[in-house]
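> Following this message is one structure expressed as structure tokens.
Number of protein chains: 4
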Amino acid sequence: MILHLKAGVNAQRINELTTELKAFHIRYQEKDVLITGAGMKTIPVAIEKEVEKFWAFDSDIQLASTIYQKEKRTVQLGDVVIGGTTNHTVLIGGPCSVESEEQIRSASELLKSLNLSVLRGGCYKPRTSPYSFQGMGLEGLKLLAKMREEYGLAVITEARDATHIDEIIEYTDIIQVGAKAMYDQGILRACAKTDKPVLIKRGFGTTLQEFVQASEFVLSGGNPNVVLCERGIRTFETKTRFTLDLCGVAWLQEYTNLPVILDPSHAMGYAYGVAPLAKACTAMGVDGLLIEAHPNPKVAKSDASQQLNYEEFTALKRDLETVAGAVGYKIV
Amino acid sequence: MILHLKAGVNAQRINELTTELKAFHIRYQEKDVLITGAGMKTIPVAIEKEVEKFWAFDSDIQLASTIYQKEKRTVQLGDVVIGGTTNHTVLIGGPCSVESEEQIRSASELLKSLNLSVLRGGCYKPRTSPYSFQGMGLEGLKLLAKMREEYGLAVITEARDATHIDEIIEYTDIIQVGAKAMYDQGILRACAKTDKPVLIKRGFGTTLQEFVQASEFVLSGGNPNVVLCERGIRTFETKTRFTLDLCGVAWLQEYTNLPVILDPSHAMGYAYGVAPLAKACTAMGVDGLLIEAHPNPKVAKSDASQQLNYEEFTALKRDLETVAGAVGYKIV
Amino acid sequence: MILHLKAGVNAQRINELTTELKAFHIRYQEKDVLITGAGMKTIPVAIEKEVEKFWAFDSDIQLASTIYQKEKRTVQLGDVVIGGTTNHTVLIGGPCSVESEEQIRSASELLKSLNLSVLRGGCYKPRTSPYSFQGMGLEGLKLLAKMREEYGLAVITEARDATHIDEIIEYTDIIQVGAKAMYDQGILRACAKTDKPVLIKRGFGTTLQEFVQASEFVLSGGNPNVVLCERGIRTFETKTRFTLDLCGVAWLQEYTNLPVILDPSHAMGYAYGVAPLAKACTAMGVDGLLIEAHPNPKVAKSDASQQLNYEEFTALKRDLETVAGAVGYKIV
Amino acid sequence: MILHLKAGVNAQRINELTTELKAFHIRYQEKDVLITGAGMKTIPVAIEKEVEKFWAFDSDIQLASTIYQKEKRTVQLGDVVIGGTTNHTVLIGGPCSVESEEQIRSASELLKSLNLSVLRGGCYKPRTSPYSFQGMGLEGLKLLAKMREEYGLAVITEARDATHIDEIIEYTDIIQVGAKAMYDQGILRACAKTDKPVLIKRGFGTTLQEFVQASEFVLSGGNPNVVLCERGIRTFETKTRFTLDLCGVAWLQEYTNLPVILDPSHAMGYAYGVAPLAKACTAMGVDGLLIEAHPNPKVAKSDASQQLNYEEFTALKRDLETVAGAVGYKIV
């Protein structure tokens, strides 16, 4: 249950109520807000006078639910706004992994030349084998920060586990909670304590219910700047890497107030399918796209098969502008 | 392996070769064509002189493969062409089930008013429970035929099992092999012996490999007029009815020469998601869409939750025209 | 809803009631029984006096439900009883496909030497490719019938589609409705009209709900002799052919009154795993096992990798006796 | 590739080789062992003389592979040995969550009375909702340590994320890497640096390949004491909580040298299915079982539906002894 407290309730009383109800307390849109589990369906008589308004729920999707707030949330990212009614599809590009200054600089220049604003690049790679390239780590983070400085790009990189979350928060503009780290409360709770935007990727074995509940860890901890990212679920089909769940995206758009970004590169796993899928996503009016691009995909240290080269990325951006236009959106 | 025989080889010799190689023999594009399993990788020396050209394959996707024929096949349906390089997205509409003359007539009038050409309506419903509405059967088929007569629409309906396949072939313009009947060789072999267009729906537990192999039953039996239809696969996600596999569609477009039609209604299972998904499909440049529409979805005898009303269908058609235009396609 | 009519209600009245309620009418355990969909929760006042007892349900699992009948059904197969409280695990053995008289005779002799009673062998193979071995068809059925004659074995073979269901019913002692044919109402309705035992295999993309509902087609049509067979579902895991769903078996044992047989050979897909899985199944107190055995698996025309040779099958039978003994069962 | 170095190679040279080959260096079974990725198929000529023996692999399953070591590894846990050729099935019991001293003491007494040796109890619960009970944390760990002291039991508890891994390592005898934390390199690398036994649970969306590769993080980091735990994968079936993958267990037993433990409680999600599934697992000759038991399951703070009460647990232990005996195993 979500409870908006009346304006006059003082800090001490809020503390008491928070403890009593075993609730989370946040300030949201200039209100003092308490949140308990969805098991609570009515408010105790004793506190009726202190509550301005309340919402009951069927499940623990509460702050993210359109029942609580119908308007889509906005997340400010430098000059760019994600979500809301901006009708922006933010095209986030860059390599799977940061591999060198030369490589990440070339990606930055590509984005600038296309008037794009957000650069992606993995530094801590959540590889499933210890014998694969594990990412450049802190050195990579510093290269991203350098690019931000030089090119005025916002940067996004993935937190793999809780051991380096502080560094990620420090160096990036959007914290990406990776698909394999999505249940990691160490990460989610750290994200709740900052006000930086957080992009949560859906785990490939994760239901929509669990996915949105992960966002509740961040929202109920006090950070309202959450973006969801669908990147493909694991099914019986093996000809493609994962299965992009656009039915699920339609559900998220209908039942949650969070901006939704899509990652067709990871879903497909093969470059030939990235452009048609990106167009499909764009036609749904999504709030953003994550597309992997590499100066020379064949020699990429990770995900070689799915990264576009710069020519393909440039052509795709142009095509997406046309599709976005057809549904009243703009690629930014 | 596919073998194109030279022009001079006579009927008796073709028979001998067919028997010897345990092959299928068809006439395709004015050639005598033999097809064996993909296990055959080289042609016997003895027949080298009689073979004009041959293609070896890694798997039993052969006639449908772009290795054999890169150009997308066309399927003629009255005045409408599905597939090829027409850049047509054929919008097939109509109710889940034929329920009455009044109902199917209203759907026909809707389609005519929107300049659409193909009417859908189930007569033999493949329900999973014996206690649900099973369809109007032959009576429904006759209603569809009447609509074809009166409105000049092509009609499509589903074959549920082999016991009524002859009726389906007789009364409809496109034979729909249902998702639950997709492995039914009784149906597939009957479809192979006609030259009517056949739309094969992917089973919800069916791999892309098996799906395309089902088309090989029809193609290798002599009917080249096959269309594939993706309608959602079954995954762990339960908030939507199925998961529309657009990654799979990208694969089909890349590796097969068959036209591909999509059915977002069955995939989603809920009307609110049909429009966004239909737009997504259209942006991929697909050859057609199957969209369920009912004069009053709330009282529909099957699939009530996923059918659009006529106002929604009309609005969707208009929106799809804009999206189709953005990728160089036309809704017909 | 299931309604037991009182003893005095006459045939004409039963007909009336059947029509009125859109019900199925069967004789079961010396009662006249009407069955409607689960949507019906209360009985009309007008017929209260004619109804002896009735059962309402949450879903269309009705005749198969333990709510209706707690005791497990028995299916008589020659001298062997499947199900009930016999504590029999019927070990059904034989090759994937009938390939020759010599082959199927050797399997028959193996079974006789081990005091087993039921021989399996496919005649119409539901292959997913037209270019694979499709089975011996009618000729195979005749060989099975010959073995029954000579060795006194009951025989089981699979119906692939409705075109040959009459032959299957004629020649076999248990009709196997294959995993790919499980939704085929042509087959299910034909099975409902005979009183021969019917073994329904779960489709690999089929929920337990749909699986048991398939049995309702047969039961509500008048044939009470249904056995369910779990043979593995399709999941994201590819190191094994399918995933044997023993959680599902526990559910079937708890909530349905149908005997349950397991097919670890098809689930696993590899001979090395058949023995451990067969032991696991046996320890659950299942009513039967289907195990593929071939005189020389390496040259088998289908499913070569998963068939046991006769030595392995013999050793397994011995091991299963010990495991069965530990849970109070007997291998027959 | 795994390389066993000859006895004489000195520390400095080992360092050089490790750097040169980008290898992991461990001491295993009194050898100096280097491990590189499976991409390396042959050894450089320059080091041939220093290498005693080497093994090449198809995939990054290397140290865990039967190609490298056929004999099953043993993990010593106080007096109990898990794995090897002991033919022990270690029955680990206890509540889902540690809730109070009284509760965990009663579980300890139950285990002692049944001559069992390992107590489970969650302290950091990886809940998918922030509004659910999150576990007692450090306080719970201290209770587990107290029980170990008083009852001589080994204790196992789950690491949820990397923020508390040091505490887990300090207080428990087996570190459980939870299903949702299985890709967490912060945890895996911490586990690699201790020599305490590590039980890795398979993620519900995790392939067998990825599952075993997770163990390679620990093994290649120097800790040989790894046990795998299958606890059910997520499939389309919803009548049970997950689907226990015993086909996968057969694969693990055939292709890896790691002890395998099963968790039927989490797989099933309902108490009625735990006993039949536990018997099934036992009949496969597994190295252990994790079974949840609670003094009063109805009031449990987590997983109420799947925990056995003490009477059921006691009866199950007795039944498992009989089944274990049938396959030559002993419950310890």
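Protein chains in written order, with full-length UniProt numbering: chain A, 1 to 332; chain B, 1 to 332; chain C, 1 to 332; chain D, 1 to 332. Just so it is clear, CB atoms sit at the ideal spot from N, CA and C, and this is done for glycine as well. All figures in this text were calculated on a predicted structure; none of them were measured in a lab.
1. Nearest chain D C-beta to Tyr233/C closer than 8 Å, yes or no?
2. List the residues of chain B whose Cβ lies closer than 8 Å to the Cβ of Thr238/D, in chain order.
3. Can you confirm whether Val323/B, when its beta carbon is compared against all beta carbons of chain A, has any partner nearer than 8 Å?
4. What are the start and end residues of the alpha helix (DSSP H) that includes Lys317/B?
5. Hey, is Thr128/A's beta-carbon within less than 8 Å of any beta-carbon in chain D?
6. DSSP three-state label for Arg120/D, please.
7. Would a check of beta-carbon distances place Val260/A closer than 8 Å to chain B?
8. Classify Pro44/A: buried if its beta carbon has 16 or more other beta carbons within 10 angstroms, exposed otherwise.
9. What residues in the region 73-96 of chain A bring their beta carbon closer than 7 Å to a beta carbon of chain D?
10. Which bits of chain B does Gly248/A rub up against, with CB to CB less than 8 Å?
11. If you count every other CB in all the chains shown that lies within 10 Å of the CB of Ala275/A, and 16 or more means buried, which is it?
12. Taking the Cβ atom as the reference point for each residue, do Gln76/C and Ile2/C lie within a distance shorter than 8 Å?
13. In three-state DSSP terms, what is Ile43/C?
14. Per DSSP, Asp263/C is paired with what?
15. I need the boundaries of the alpha helix (DSSP H) containing Arg13/B, first residue and last residue.
16. Check whether chain B comes within 8 Å of Glu216/C, counting only Cβ atoms and requiring the distance to be less than that.
17. Looking at the C-beta of Glu20/D, does it have a partner C-beta in chain A at a distance below 8 Å?
18. Compare the C-beta of Ala315/A against all C-beta atoms of chain B and say whether one is closer than 8 Å.
19. What does Cys229/A pair with, by DSSP beta-bridge criteria?
20. Should Leu277/D be flagged as near chain C, meaning a C-beta pair shorter than 8 Å?
21. Can you tell me where the beta strand (DSSP E) holding Arg148/B begins and where it ends?
22. In the DSSP output, what is Ile92/A paired with across the bridge?
23. If you drop the 5 nearest sequence neighbours on each side, which residues of the same chain put their C-beta closer than 7 Å to that of Tyr151/A?
24. Using the beta-carbon count (16 or more within 10 Å), is Lys201/D buried or exposed?
25. Taking the beta strand (DSSP E) that Asp32/D falls in, what are its first and last residues?
26. Looking at the C-beta of Gly288/B, does it have a partner C-beta in chain A at a distance below 8 Å?
27. When burial is assigned at 16 or more other CB atoms within 10 Å of the CB, is Thr238/D buried or exposed?
28. So, helix, strand or coil for Lys180/C, using DSSP?
29. Going by Cα to Cα distance, which pick from Ser265/C, Arg318/C, Asn257/C and Leu258/C is closest to Cys247/D?
30. Considering just the uninterrupted stretch of the beta strand (DSSP E) at Gln76/B, what are its terminal residues?
31. Give me the Cα-Cα distance between His25/D and Trp251/D, rounded to the nearest whole angstrom.
32. Closest by CA to Arg105/D, which one among Ala315/D, Val327/D, Tyr310/D and Arg318/D?
33. Around the Cβ of Asn87/C, are there at least 16 other Cβ atoms within 10 angstroms (buried) or fewer (exposed)?
34. Does the distance from the C-beta atom of Thr128/D to that of Tyr183/A stay below 8 Å?
35. Closer than 8 Å, CB to CB, is residue 371/D near chain A or not?
36. Ends of the beta strand (DSSP E) at Val81/D?
The answer reads as follows:
1. For the record, residue 233/C in the displayed sequence is Ile; it is not Tyr. Yes, contact with chain D.
2. Thr238
3. yes
4. Tyr310 to Ala326
5. yes
6. strand
7. no
8. exposed
9. none
10. Glu237, Lys239, Thr240 and Thr243
11. buried
12. no
13. coil
14. Note: Asp263/C sits in no beta bridge, so no partner.
15. Ala11 to Glu20
16. yes
17. no
18. no
19. Lys201/A and Ile261/A
20. yes
21. Taken as a continuous stretch (DSSP letters only), Arg148/B belongs to no beta strand (DSSP E), being part of the alpha helix (DSSP H) at Leu138 to Tyr151.
22. Val118/A and Leu290/A
23. Ser108 and Lys112
24. buried
25. Lys31 to Ile35
26. no
27. exposed
28. helix
29. Ser265/C
30. Thr74 to Leu77
31. 28 Å
32. Tyr310/D
33. exposed
34. yes
35. Here chain D comprises residues numbered 1 to 332, so residue 371/D is not present and cannot be evaluated.
36. Val80 to Gly83
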